[in-house]
């Protein structure tokens, strides 16, 4: 965001100096190079020639990171030292630190840079090292610090991701491939122990800020113009602000399904199979009263369930689920939240904009996470159900019916095999549940037909034909009970699957909710922080305009507040990418 501000009137003091014949320079704030700053101009009969006259004193400072981090005062740390220039009205410049790189500006301009060396920075809970990965071409690094002063009455500063002219390379439309990896702020020490959570981080994307001031232009406008030219231009950019919740419960969803849910489903379905299974029992239970008085042998053959293929299910277990402002990586276990989606735009905000993270935001994040995981759960369940419905149930059962030893007309007849009854069917589970089961029952005589007739007449008072027809009727009468058993078993098994999936997702959401609920009490976010503007956060300060001296005009791209026990009042804050220009004092 850019802002341009109008200075307070300086007519009284300026009039005295103008009468004395002091000449003031003017300059453009549109660019940073020495040549572009120099464009002599006059207004009416004024003797002020901004860009030509020298003698201004100026200060400019840039610092990437400052403030308090878990009780550590960052400001004195040598490894985090920024860059500062102080030029007196004689043109002498003090550079802090002395090791800052001279960028070779043409006097009376002076510009220096002091990029941070991330390799030597070690901070509690904040890892800046990812910011050096994937830097765009032309940048001076994601943690650069740049300062510039000019004896013509101007100055500039930039911090963060800037190019070799000090311009901010971060905006709302900067492509991801032109940004480095985010820094990582670990919140674990600020959160209570939460079951199912391994870690919680805030990922801070590249940030940048710049502040420019042409005090000569502002003075000239105030004296001889309409006072509309402030000479101040501030800009900032924040690439992203994200939350990562690392949950073993998320990473374990896939293994829970493959190691517990699916094996349990298979076990439940196996109740239908085998010669001792539910279908076989229906068969023998229906046959028994038809052949009462005869003996039923052991059931042979098999009932099998084949083609139960969960490949499509497995494909859902290693997804990276993407929803509205939320993603869930089922492999890594990360629940990733784009905080900007929920708290508002990070860029192009007015000065001192607080992006509120409150109960409403937490509710929205949780609702979107819930919807994302529930949609996934429903997809997993449907895919499992489809796999079950596509499996093939094959019935291939046989039972031998025999007679006990009897005496007929004083003639003993030993135990005799009468008939073999075969029950066969092949159908998918879906077809059976849908009413498509067709059974095939066959009866085969196993002894001399005349002998069988004699035995049946003696024992049951029926003929072989009567027995056969009674058994063959099972072909129709068994369809309903077998289909009902298959339906009940499958539905029960799938209900169990659904319950387990619901429980797995509920456990994840419970853990995530516990983290999210804590966030408003431990984290605050402010962008475009300008201490001299209304709404500046407590603890910030600036040097006010006085006489011929401008105010100090600073901007921090991002300010994060952390609540913890060691800070006064339980809250501390640190600023990222702070650029400051001023005071600049006319000669």
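Numbering (my numbering), first residue to last: 1286 to 1872. Beta carbons: idealized from backbone N, C-alpha and C, even for Gly.
Do residue i and residue j have their C-beta atoms within less than 8 Å of each other?
i: residue 1434; j: residue 1440; result: yes
i: residue 1351; j: residue 1825; result: no
i: residue 1659; j: residue 1790; result: yes
i: residue 1802; j: residue 1833; result: no
i: residue 1345; j: residue 1841; result: no
i: residue 1759; j: residue 1741; result: no
i: residue 1797; j: residue 1632; result: no
i: residue 1400; j: residue 1429; result: yes
i: residue 1531; j: residue 1618; result: yes
i: residue 1866; j: residue 1844; result: no
i: residue 1744; j: residue 1688; result: yes
i: residue 1638; j: residue 1674; result: no
i: residue 1807; j: residue 1868; result: no
i: residue 1415; j: residue 1465; result: yes
i: residue 1782; j: residue 1538; result: no
i: residue 1506; j: residue 1496; result: no
i: residue 1500; j: residue 1438; result: yes
Tell me whether residue i sits in a helix, a strand or coil according to DSSP, three-state version.
i: residue 1489; result: strand
i: residue 1714; result: helix
i: residue 1374; result: coil
i: residue 1497; result: strand
i: residue 1619; result: strand
i: residue 1691; result: strand
i: residue 1511; result: coil
i: residue 1641; result: coil
i: residue 1392; result: coil
i: residue 1543; result: helix
i: residue 1807; result: helix
i: residue 1682; result: strand
i: residue 1703; result: strand
i: residue 1462; result: helix
i: residue 1360; result: coil
i: residue 1738; result: helix
i: residue 1871; result: coil
Can you name the start and end residues of the beta strand (DSSP E) that residue i belongs to?
i: residue 1627; result: Segment 1624–1628 is the alpha helix (DSSP H) holding residue 1627; no beta strand (DSSP E) there.
i: residue 1344; result: 1342–1354
i: residue 1522; result: 1517–1523
i: residue 1471; result: 1468–1471
i: residue 1697; result: 1696–1698
i: residue 1846; result: 1838–1848
i: residue 1435; result: 1429–1435
i: residue 1560; result: Taken as a continuous stretch (DSSP letters only), residue 1560 belongs to no beta strand (DSSP E), as it is neither H nor E.
i: residue 1728; result: 1725–1730
List the endpoints of the continuous alpha helix (DSSP H) containing residue i.
i: residue 1535; result: 1533–1536
i: residue 1674; result: 1644–1675
i: residue 1762; result: 1759–1762
i: residue 1440; result: Segment 1439–1445 is the beta strand (DSSP E) holding residue 1440; no alpha helix (DSSP H) there.
i: residue 1553; result: 1547–1555
Apart from the five residues on each side of it in sequence, which residues of its chain come closer than 6 Å, Cβ to Cβ, to residue i?
i: residue 1296; result: Legend: pLDDT at residue 1296 = 31, less than 50; position of this residue unreliable, no value from coordinates given.
i: residue 1623; result: 1527 and 1610
i: residue 1725; result: 1709
i: residue 1599; result: none
i: residue 1576; result: 1686
i: residue 1484; result: 1473 and 1531
i: residue 1560; result: 1584
i: residue 1385; result: 1368, 1397 and 1399
i: residue 1768; result: 1717 and 1722
i: residue 1873; result: Past the boundaries of the shown model lies residue 1873; the chain is included only from 1286 to 1872, so the question cannot be answered.
i: residue 1860; result: 1351, 1352, 1841 and 1844
Excluding sequence positions up to five away, which residues of its chain have a Cβ less than 8 Å from the Cβ of residue i?
i: residue 1318; result: In this predicted model, residue 1318 has a pLDDT of only 34, less than 50, meaning its place in the structure is not dependable; the value taken from the coordinates is given anyway. Excluding sequence neighbours, residue 1318 sits near 1450.
i: residue 1805; result: 1642, 1643, 1644, 1646 and 1647
i: residue 1672; result: 1593, 1594, 1595, 1597 and 1598
i: residue 1770; result: 1557, 1563, 1564 and 1567
i: residue 1545; result: 1785
i: residue 1762; result: 1571
i: residue 1697; result: 1690 and 1691
i: residue 1812; result: 1521, 1523, 1631, 1632, 1634, 1638, 1640, 1842, 1843 and 1844
With a threshold of 7 Å on Cβ separation, who are the neighbours of residue i within its own chain once the five nearest residues in sequence on each side are excluded?
i: residue 1653; result: 1608, 1609, 1610 and 1611
i: residue 1380; result: 1370 and 1397
i: residue 1581; result: 1569, 1572, 1573, 1684 and 1686
i: residue 1387; result: 1397
i: residue 1777; result: 1553
i: residue 1330; result: Summary for residue 1330: the model assigns pLDDT 33, below 50, so the residue's position carries little reliability; its value from the coordinates is reported in the next sentence. Cβ within range, chain order: n/a, list empty.
i: residue 1676; result: 1590, 1591, 1592, 1593, 1713 and 1714
Under 7 Å: does the beta carbon of residue i sit that close to some heavy atom of the ligand ADP?
i: residue 1375; result: You won't find the ligand ADP in this model; it holds no ligand whatsoever.
Runs of alpha helix (DSSP H) lying entirely within the stretch 1565–1613, each at least 4 residues, in chain order: 1596–1599
Complete runs of the alpha helix (DSSP H) confined to the stretch 1744–1795 [at least 4 residues]: 1749–1757 and 1759–1762
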